[in-house]
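Remarks on the structure that follows.
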Amino acid sequence: MITKKDVKLGRNIRKLRKLTSLTQEEVAERVGISTTYMGYIEIGQKKPSLKVINKIAEILKVKVRDLFPY
Numbered sequence: 002m003i004t005k006k007d008v009k010l011g012r013n014i015r016k017l018r019k020l021t022s023l024t025q026e027e028v029a030e031r032v033g034i035s036t037t038y039m040g041y042i043e044i045g046q047k048k049p050s051l052k053v054i055n056k057i058a059e060i061l062k063v064k065v066r067d068l069f070p071y
């Protein structure tokens, strides 16, 4: 079940990604996931695994906790 926290996480990932001027495609490729899946994460429709969260944080050059706005 998707929660408000999932949506907030996705929005925050998108915001941080845009601050780095990376596209969804670039991040998805570097993480090893599809662009579609990355899009679903950013709109809160999919819950990323801890492995994916760690990789996204690494690519965006932030701490994992910085991805979570709550």
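In the working numbering, the protein residues as written are 2 to 71.
Note that the Cβ used here is the ideal one computed from N, Cα and C, for glycine as well.
Nothing here was measured: the structure is a model prediction, and the numbers come from that model.
| Check | Outcome |
| --- | --- |
| Local conformation of residue 40 per DSSP, three classes | helix |
| Inter-stretch contact (C-beta, 8 Å, three-pair minimum) for the segment 9 to 23 and the segment 53 to 69 | yes |
| Counted within 10 angstroms of its Cβ, other Cβ atoms place residue 113 as buried (16 or more) or exposed | The chain is shown only over 2 to 71; residue 113 falls outside these bounds and no answer can be derived. |
| Short Cβ contact (7 Å threshold) for residue 32 with residue 53 | yes |
| Residue 23 in three-state terms, based on DSSP | coil |
| Residue 11 in three-state terms, based on DSSP | helix |
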